[in-house]
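Per numbering that gives the first Met the number 0, residue 0 is the first one in the sequence shown, and the count goes up by one each step. Let me begin by presenting the structure, written as structure tokens, before commenting on it.
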Amino acid sequence: MTCLKAKCGFCSNKASEYHPGACLVDSKHNRDLCLGEDRVFFEQGCPSKFGILAVVFLGLYIVSYSPGMGTVPWIVNSEIYPLKYRGVGGGIAAVANWVSNLIVSESYLTLTEHLGPGGTFFLFAGVSTLSLCLIIWFVPETKGLPFEEVEKMLAEGYRPCGGRKVKGEKVGKVTGDDNAA
Numbered sequence: 000m001t002c003l004k005a006k007c008g009f010c011s012n013k014a015s016e017y018h019p020g021a022c023l024v025d026s027k028h029n030r031d032l033c034l035g036e037d038r039v040f041f042e043q044g045c046p047s048k049f050g051i052l053a054v055v056f057l058g059l060y061i062v063s064y065s066p067g068m069g070t071v072p073w074i075v076n077s078e079i080y081p082l083k084y085r086g087v088g089g090g091i092a093a094v095a096n097w098v099s100n101l102i103v104s105e106s107y108l109t110l111t112e113h114l115g116p117g118g119t120f121f122l123f124a125g126v127s128t129l130s131l132c133l134i135i136w137f138v139p140e141t142k143g144l145p146f147e148e149v150e151k152m153l154a155e156g157y158r159p160c161g162g163r164k165v166k167g168e169k170v171g172k173v174t175g176d177d178n179a180a
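Listed below in structure tokens is the structure:
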């Protein structure tokens, strides 16, 4: 590991791993001083050369989450439910949101212990990608439609993705005979 282009490590109190001390240049002199004071010298906490990638990806996450998955579900909730069920639907969505957050929070440390930090974030990225695919497949586009038209579209039987209805198409059984009147 390197810290500012120099080998480094942390000199820590043996009694508490949670107070690692300062990042020190890794030299025989510093190791001997650290060990002579009944302390432990370790390198696992030193910054990685990939630290800048973590900062860049964190920035990308923040920039994409705020206008996307942070707000869009709440906008969709206000458009997708019939007026008489909108309050209940919003409540169920809020509970689902908080339960999902609880699952992530409660499972994070266990997953990190078993999969490592990289594996944990790849798992979360995979779940997010799968969620995005399901949203694209199942959630209807409501942009520019009045509430009444969205309600009518859903009441008539919305078909996901490939089976989306063309505006003005009549709902009914498909017979294969397009010329029948």
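C-beta: ideal position from N, C-alpha, C; glycine also.
>> Going by DSSP in three states, Gly67 sits in which element: helix, strand or coil?
In response: Gly67 falls in the coil class under three-state DSSP.
> CB Val138 to CB Glu78, shorter than 7 angstroms?
Replying inline: No, the Cβ-Cβ distance between Val138 and Glu78 is not below 7 angstroms.
> If you draw a straight line from the alpha carbon of Val98 to that of Ile74, how long is it in whole angstroms?
Replying inline: Distance between the alpha carbons of Val98 and Ile74: 19 angstroms.
> How long is the line joining the alpha carbons of Pro116 and Cys132, rounded to whole angstroms?
Replying inline: Taking C-alpha positions only, Pro116 is separated from Cys132 by approximately 24 angstroms.
> Within this structure, are the beta carbons of Thr119 and Leu108 separated by less than 7 angstroms?
Replying inline: The answer is no: Cβ separation not under 7 angstroms.
>> Let me confirm a value: Tyr80 is counted as buried when at least 16 other C-beta atoms fall within 10 Å, else exposed. Which label applies?
In response: So Tyr80 counts as buried.
> Quick one, which of Tyr157, Ala124, Arg158, Phe49 has its alpha-carbon nearest Tyr60's?
Replying inline: Of the candidates Tyr157, Ala124, Arg158, Phe49, Ala124 places its Cα closest to the Cα of Tyr60.
>> Suppose you measure from the CA of Tyr84 to the CA of Tyr157; what does that come to, to the nearest Å?
In response: C-alpha separation (whole angstroms): 18 angstroms.
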